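**Student:** If you scroll down you'll find the structure; I have some questions about it.
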Amino acid sequence: MNRINRTFKRLKAENKKAFIPYIMAGDPSLEKTLERVLMIERCGVDIIELGVPFTDPLADGPTIQRAAERALSEGVTLKKVIGLVKDIRQKSQIPIVLMTYYNPVFKYDEGQFVADASEAGVDGVIIPDLPPDEAGEIIRHSKKAGLCTIFLLAPTSTPDRIKKVAKASTGFIYYVPITGITGSEIRHDSSITGAIAGIREVSPKPVCIGFGVSGPDDARKLSGLADGVIVGSAIVKAFHERAASVEDFIKGLRRAINGSG
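Under this note's numbering, read the sequence shown as residues 7 to 267, first letter to last.
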């Protein structure tokens, strides 16, 4: 069983919610990223989303865009990020999801990308600019390799789109509660509750909420609605601007998602 599936099975048995932090691979270096992955794991997170830097990140806000620019200036590529995962696997078995865009995957070759990622120890992949309708090859290769394919839903998703994404997603379904980019402010209202309920009517797969989670208060509120909370821009910003206190920040998010902080 894939590490992601094992993790959600364990969390469900323990009546707990997943904490999924996002960090940009290669910001400020691949070596430092490995150190940060191990530190984040020690903070009690469940799954790590590892960003692959790209020159035109359509879904990402300024914080993650700047992180991608810093990583690209270090010469970080998709192939090098896969190599980083292989290095991480020498020290950790925490589930890892790669968040990349389709262009690097296309240039890499879809089948080769899935084969190399799976061999390195990647557990899942998110490609926000590749809808399930056009992801047949990735899904086919990933299913064979045991790699989870995670697709996104948004407040604007139609019932038909919800069904397609739920069917194509493995590991978990990624719900974006805002119609903006990463780092945008989230609004806590009944629309999120209704959207999650709508997804659950279609699929029993875990649903995780990401985009716009700025701190423990957001994390606490959202953890009561979904199976997991994804925190990206706030953590990337903390690492860049106040690295000395980022461990306490991540531990605070963990406590909030547990409902104990």
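Backbone N, C-alpha and C define an ideal beta-carbon position, used for all residues, glycine too.
Just so you know, these numbers come straight off a predicted model, no measurement behind them.
Would I26 and I53 be called neighbours here (beta carbons separated by less than 8 Å)?
**Tutor:** yes
**Student:** Could you pull the start and end residues of the alpha helix (DSSP H) that V350 belongs to?
**Tutor:** The chain is shown only over 7 to 267; residue 350 falls outside these bounds and no answer can be derived.
**Student:** Need the endpoints of the beta strand (DSSP E) that F112 sits in, please.
**Tutor:** First-last for F112: Y108 to Y114, but that is the alpha helix (DSSP H), not the beta strand (DSSP E).
**Student:** Which first and last residues belong to the beta strand (DSSP E) in which T155 is found?
**Tutor:** C154 to I156
**Student:** Any idea which residues DSSP pairs F119 with across the strands?
**Tutor:** In the DSSP output, where bridge partners are listed per residue, F119 has none listed.
**Student:** Can you tell which of L56, P63 and A73 has the C-alpha that lies nearest to the C-alpha of I94?
**Tutor:** L56
**Student:** Can you pull the DSSP bridge partners for E55?
**Tutor:** Y28 and V103
**Student:** Quick check on DSSP: helix, strand or coil for G234?
**Tutor:** Looking at G234 - three-state DSSP - the assignment turns out to be strand.
**Student:** If you run the structure through DSSP and keep just helix, strand and coil, what is V131?
**Tutor:** Looking at V131 - three-state DSSP - the assignment turns out to be strand.
**Student:** Tell me which residues share the same chain as D33 and place their Cβ nearer than 6 Å to its Cβ, disregarding the 5 neighbours each side in the sequence.
**Tutor:** A73, R76 and A77
**Student:** Using the Cβ count rule (16 or more neighbours within 10 Å means buried), how would you classify D269?
**Tutor:** For residue 269 there is no data in the structure shown, the boundaries of the chain being 7 and 267.
**Student:** For S124, count the other beta carbons within 10 Å of its own beta carbon; 16 or more makes it buried, fewer makes it exposed. Which is it?
**Tutor:** buried
**Student:** Could you check if K243 is buried or exposed, using at least 16 other CB atoms within 10 Å of its CB as the buried criterion?
**Tutor:** buried
**Student:** In whole angstroms, give me the CA-to-CA distance for L228 and I88.
**Tutor:** 31 Å
**Student:** On the three-pair Cβ rule with 8 Å, is the segment 258-266 touching the segment 219-235?
**Tutor:** Flag = yes, the segment 258-266 and the segment 219-235 touch.
**Student:** Report yes if the C-beta distance between I179 and I205 is below 8 Å; otherwise report no.
**Tutor:** When the beta-carbon positions are compared, I179 and I205 come within less than 8 Å of each other.
**Student:** For C214 and T13, what's the separation of their Cα atoms in angstroms?
**Tutor:** 13 Å
**Student:** Between R248, L158, I241 and N264, which lies nearest to Y28 when the distance is taken from Cα to Cα?
**Tutor:** I241
**Student:** Assuming contact is defined by CB atoms lying nearer than 8 Å, are V120 and L153 in contact in what I supplied?
**Tutor:** yes
**Student:** DSSP three-state label for I179, please.
**Tutor:** strand
**Student:** Expressed to the nearest angstrom, what Euclidean distance is found between the alpha-carbon atoms of G280 and V111?
**Tutor:** Summary: the structure shown does not reach residue 280, with the chain confined to residues 7 through 267, and so no result is reported for it.
**Student:** Whose CA, out of P59, A203, D135 and M30, lies closest to the CA of L158?
**Tutor:** D135
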